[in-house]
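Enquirer:
Number of protein chains: 2
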Amino acid sequence: MPLPPSGFRLSGVHCGIKTRAGAEDIALIVSDGPSVAAGVYTQNLFRAAPVDLDRQRTPSPRIRAVVSNAGNANACTGEQGMRDAAQMTRLVSQSCGVDAEDVLVMSTGVIGEPMPMEKIACGIAMAANRLGTDESAFLSAARGLTTTDRSHKVVERNVDVAGGRRVAIAGMAKGAGMIGPRMATMLGVLLTDAALEPDAAQSILAEAVDESFNAISVEGHTSTNDTVLLLASGHGSDRPLAGADLDAFREGLASACVELAKMIPDDGEGATHLIAIDVRGCRTREDAKKIARTVAASPLVKCAITGGGPYWGRIVSAAGYAGVPFDPSGVSVSINGFAMFESGQPKPFDSAAASRSIRSERETRITLTFREGSAATRFWTSDLTVAYVTFNADYKT
Amino acid sequence: MPLPPSGFRLSGVHCGIKTRAGAEDIALIVSDGPSVAAGVYTQNLFRAAPVDLDRQRTPSPRIRAVVSNAGNANACTGEQGMRDAAQMTRLVSQSCGVDAEDVLVMSTGVIGEPMPMEKIACGIAMAANRLGTDESAFLSAARGLTTTDRSHKVVERNVDVAGGRRVAIAGMAKGAGMIGPRMATMLGVLLTDAALEPDAAQSILAEAVDESFNAISVEGHTSTNDTVLLLASGHGSDRPLAGADLDAFREGLASACVELAKMIPDDGEGATHLIAIDVRGCRTREDAKKIARTVAASPLVKCAITGGGPYWGRIVSAAGYAGVPFDPSGVSVSINGFAMFESGQPKPFDSAAASRSIRSERETRITLTFREGSAATRFWTSDLTVAYVTFNADYKT
């Protein structure tokens, strides 16, 4: 269980947006002094109000707090939505004695409904009174991000830097489906006590997100609210990391992001399998990602894994319409190590054993190899189950 | 029930690829003389052998027959697959006394398995002996195309042309899911007794397909085998249609294709709703189609309709990641006539009544209006149900 890196206090409280008594729906993170902050945001043209606010404020050398609410996305809410997001920063300002301009906001939940600002005001005041620096404070905040998640998602890393020192990274994320009104989206916060330059923080975060949070999908529906933030307090190092130290930090952050990101499809709504898709031998990494994303989005591929079916035909045909040019006779496919299609030809394999392997393991590994170049990528998704459909078809929510 | 247009004889027989006794799995269409033929084919890079064969042979002024089998797609079958497709044309040549080079082939079914050529040889010989010109011959052939379809799909049109004459169009199609190994793909054949120039036939068919078979999806998975053919015997008109006659024919063919194409998502695997998506006010038709296709592919939108949920937030957010630039404040959305989102703002509506309307009607009409230009399109898809998942997850087939 991660401890908050030095320089941060956290809390998570229940203010009544979630109906279940006691379920945290407000998370608050406060930095003792100015933190360097970076952010990566949704590509959706319908950006929620808090996303618009944070985009204007990052990268920054002086962020003091992040406030998050679960249950209402503050998306497609027009001018009032922008006023409500700004009001959340003022409420944090009043409760925590920081400038409102130095506060970031995240929201997740129902789209198109006005924010319950009275509950939120009360929640922020409570959260400010319960800030802590122990594990349970970190976990309460992490639970405050979640919506349809079965559990909170947290990660930690330590990175050795020059002078025998060690900096800490602790992260939290949420996301089970991609979008409301089932109160879902993808949010992530990475905290570190390392000192970073704002531009370095921004580029390192963007890189890490590209290989982690941007390499996952549940049903491929990009939310209006997706946000990943990195806050660096600087308490753990004397001056901004550089050279080999910065490289070590980059590696630590990347691996923390991958671990956190994989938890999202693993906890995808109704998911019974985490599917890891390796695409190799492409001309460019963009080509590899396009193919991986297309295979990951195919309901037929996902349903095959749900049922334990080693149906490589669904995989190669999905690759075939990804919009990437390649020579079909150079394509090979394996599932869980069973080679099924080699150089464009079916290859005899033990279908019953492959099926048993898919059904008995939580993670299914699909490998697609092309003969176009040396670019590769890895992507993760969930399978598609009856529970996903009943969950998202239920009209009462 | 359509009659075969003059100049064509048809049959459908059971040769044993489908397991259910008597279920037609071979369809044969023979033209009394040389027919003009046009074809539109899958964009998938993994093209099945019969698609490669037909692509080389169309447009053509002299096609004599089309043979189709259901149950095996002859896709991803390498050199042997090409030999088997060519062998099917030779079998038709021997049984029907036409040149093998003048025969087209369609296949649908399992991917990556060798063709059961003995059964197919027997089926083609039987089919050649049962060719007929009545309604039941047409329906047998139409059933011979089907796989997971709940029923055959046929259409007819008559087009008045100069000199008080009338030409006939009769069409058949199949398609319930997009791909094997659940024996599915999209095939269509349009027959007419009109006389057409090959190039005119090709361009009219391509246009009609663009607004019909290319404007539908079940789960967005482009098959290796998709094929739509147009055969024109020329028996119903003295010379190739031109001018106003050609325009009337174009319109008749387009409307026949739309009627036939809509039957496919309406009969989508497990579907309980046909969803019609109108996208208006875009800069280009390509933009409109991209948005329509993205909304149609969203499992969250599809599940909302399954459950009768008027969740416009899922629709606008899907539009927002379609990759088309637009001004979010110019977007409006209605479902079944209920305006829910107007000029980028939520609009109060009777949610219970909207929900009742979705649940009580087979077709759901989603309208998305932008303020970018005057281009528009219409697209059809199925909802996503528990039955779809159980059907496609079942590993025994």
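Respectively, the protein sequence lines represent chains A and B. Letter by letter, the first sequence follows residues 1345 to 1741 of the working numbering. Letter by letter, the second sequence follows residues 1345 to 1741 of the working numbering. Ideal Cβ placement from N, Cα and C applies to all residues, glycine included. In this text, all values refer to a predicted model and were calculated from it rather than measured experimentally.
1) Along chain B, which residues have their Cβ under 8 Å away from the Cβ of ALA1719 (chain A)?
2) Are THR1568 (chain B) and ARG1401 (chain B) close, meaning C-beta to C-beta below 8 Å?
3) Is ALA1632 (chain B) close to the ligand MN? I mean its beta-carbon at under 7 Å from any heavy atom of the ligand.
4) So, for MET1684 (chain B): in the same chain, excluding its five sequence neighbours on each side, which residues have a beta-carbon less than 8 Å away from its beta-carbon?
5) Can you name the start and end residues of the beta strand (DSSP E) that GLU1707 (chain B) belongs to?
6) Show which residues of chain B have a CB atom less than 7 Å away from the CB atom of THR1742 (chain A).
7) Using a Cβ cut-off of 7 Å, pull out every chain B residue sitting near CYS1647 (chain A), in sequence order please.
8) Is any beta-carbon of chain A found at less than 8 Å from that of PHE1557 (chain B)?
9) Over the uninterrupted alpha helix (DSSP H) stretch that includes ARG1487 (chain A), give me the two end residues.
10) Could you pull the start and end residues of the alpha helix (DSSP H) that LYS1633 (chain B) belongs to?
11) Taking all protein chains shown into account, decide if ASP1504 (chain B) is buried (16 or more other Cβ within 10 angstroms of its Cβ) or exposed.
12) Going by Cα to Cα distance, which pick from B:ALA1641, B:ASP1671 and B:PRO1669 is closest to ARG1658 (chain B)?
13) Looking at the structure shown, is GLY1580 (chain B) part of a helix, part of a strand, or coil, going by DSSP?
14) Report the start-end ranges of each alpha helix (DSSP H) in the stretch 1610-1698 of chain A that is 4 residues or longer and not cut off at the edges.
15) What number of angstroms, rounded off, separates the C-alpha of ILE1621 (chain A) from the C-alpha of PRO1672 (chain A)?
16) When you compare the CB of ALA1662 (chain B) with every CB in chain A, is at least one pair closer than 8 Å?
17) VAL1442 (chain A) by DSSP, collapsed to three states: which one?
18) List the DSSP bridge partners of ASP1504 (chain A).
19) Note down the Cα distance separating GLY1422 (chain A) from GLY1688 (chain B), rounded to an integer number of angstroms.
20) Less than 8 Å between C-beta atoms, sequence neighbours within five positions excluded: which residues of the same chain meet that for ARG1526 (chain B)?
21) Kindly indicate which residue of B:ALA1381, B:PRO1346 and B:ARG1427 has the alpha-carbon position closest to the one of GLU1541 (chain B).
22) If you scan the stretch 1358-1397 of chain A from start to end, which runs of the beta strand (DSSP E) of 3 or more residues do you find wholly inside it?
23) Just the chain A side, please: which residues come within less than 7 Å of LEU1389 (chain B) by C-beta, in chain order?
24) Suppose contacts are defined by Cβ-Cβ distances below 8 Å. Is GLY1762 (chain B) in contact with LYS1362 (chain B) by that definition?
25) State the Cα-Cα distance for the pair GLY1674 (chain B) and MET1530 (chain A), rounded to the nearest angstrom.
26) Using a Cβ cut-off of 9 Å, pull out every chain A residue sitting near HIS1617 (chain B), in sequence order please.
27) Grouping DSSP H, G and I as helix and E and B as strand, with all else coil, what is MET1470 (chain B)?
28) Give me the Cα-Cα distance between GLY1625 (chain A) and SER1718 (chain A), rounded to the nearest whole angstrom.
29) Out of B:PRO1349, B:HIS1579 and B:ARG1509, which one is the CA nearest neighbour of VAL1499 (chain B)?
30) Can you tell me whether DSSP reads ALA1720 (chain B) as helix, strand or coil?
31) Check whether the Cβ atoms of ILE1324 (chain A) and LEU1397 (chain A) lie closer than 8 Å to each other.
32) ASP1727 (chain B) and ILE1608 (chain B) - do their beta-carbons sit closer together than 8 Å?
33) Which chain B residues sit within Cβ distance under 8 Å of HIS1565 (chain A)?
34) Confirm, please, whether the CB-CB distance from ASP1369 (chain B) to GLY1467 (chain B) is below 8 Å.
35) Could you compute how far the alpha carbon of GLU1630 (chain A) sits from the alpha carbon of GLN1387 (chain A)?
36) Interface residues of chain B around PRO1394 (chain A) at Cβ under 7 Å?
Expert: Considering the structure as presented:
1) Per Cβ cutoff of 8 Å: no residues; ALA1719 (chain A) is ~18 Å from chain B at best.
2) no
3) The ligand content of the structure shown is nil, which means the ligand MN is not present either.
4) PRO1654, TRP1656, VAL1677, SER1678, PRO1690, LYS1691, PHE1693 and ALA1698
5) 1707-1713
6) Beyond the ends of chain A as shown, which are 1345 and 1741, falls residue 1742 (chain A); an answer cannot be given.
7) Within chain B, the residues near CYS1647 (chain A) are VAL1733, ASN1736 and ALA1737.
8) No, its Cβ sits nowhere closer than 8 Å to a Cβ of chain A.
9) 1479-1489
10) 1629-1641
11) By the neighbour-count criterion, in which a residue is buried when 16 or more other Cβ atoms sit within 10 angstroms of its Cβ, ASP1504 (chain B) is exposed.
12) B:ALA1641
13) coil
14) 1629-1641, 1643-1650 and 1656-1664
15) 18 Å
16) yes
17) coil
18) According to DSSP, ASP1504 (chain A) bridges with A:ARG1510.
19) 7 Å
20) For ARG1526 (chain B), the predicted model reports a pLDDT of 42, less than 50, meaning its position is unreliable and no value from the coordinates is stated.
21) B:ALA1381
22) The beta strand (DSSP E) runs lying completely inside the stretch 1358-1397 of chain A and spanning 3 residues or more are 1370-1385, given in chain order.
23) What LEU1389 (chain B) touches in chain A: GLY1664, PHE1670 and PRO1672.
24) Absent from the structure is residue 1762 (chain B), since the part of chain B shown begins at 1345 and ends at 1741.
25) 26 Å
26) Within 9 Å Cβ-Cβ: nothing; HIS1617 (chain B) doesn't reach chain A, min ~11 Å.
27) helix
28) 4 Å
29) B:PRO1349
30) strand
31) With chain A covering only 1345 through 1741, there is no way to say anything about residue 1324 (chain A).
32) no
33) SER1642, PRO1643, LEU1644, ARG1658, SER1661, ALA1662 and TYR1665
34) yes
35) 16 Å
36) Ordered by position in chain B, no residue passes the 7 Å Cβ test against PRO1394 (chain A), which lies about 15 Å from the chain.
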